[in-house]
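Below: the structure, in structure tokens.
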Amino acid sequence: MKQILSNMAGTVWQVLVARGDSVKANQDVIILESMKMEINVASKHDGIVKELKVSEGDFVNDGDVLIELE
């Protein structure tokens, strides 16, 4: 199982994929907001979204699991 991790602490501003969606490597899947800046989080792998571990408005830390891919 592959995981997409947060690359910094911040608030989940927008989730761009849903369970069952196909994603490609380098595709933006989540946008974080930190200190009034938007930071795109991209998948490093191709796969299918198995589980979203966060929702919009959640606070995440650097290294937290955001999405699991199969």
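Heads up, the sequence shown stops at 70 in full-length UniProt numbering, and the numbers go up one at a time, no gaps. We put the CB at the ideal spot given by N, CA and C, even for glycine. None of the values given here were measured: they were computed from a predicted structure.
Beta-ladder partner(s) of residue i, from DSSP
i          : result
Q14        : I31
residue 93 : With the chain running from 1 to 70 in the structure shown, residue 93 is simply not present.
Cβ-based neighbour list, residue i, same chain, cut-off 8 Å, excluding 5 preceding and 5 following
i   : result
E38 : W13, I31 and L32
T11 : L32, E33, S34, G57, D58, F59 and V60
S55 : V12 and V15
K53 : D64, V65, L66, I67 and E68
Member of the options whose CA lies at the smallest distance from the CA of residue i
i   : options          : result
N26 : S55, G20 and N40 : N40
D46 : V65, V54 and D28 : D28
Contacts around residue i, its chain only, beta-carbon distance under 7 Å, and the 5 residues preceding and following it disregarded
i   : result
M8  : L32, S34, I39 and D62
V49 : V17, A18, R19, G20, D21, V23, I67 and L69
A42 : N26, Q27, D28 and V29
Residue i, enclosing beta strand (DSSP E) - first and last residue
i   : result
S42 : The sequence given here places Ala at residue 42; Ser does not occur at that position. M37 to A42 is the extent of the beta strand (DSSP E) around A42.
K2  : K2 to L5
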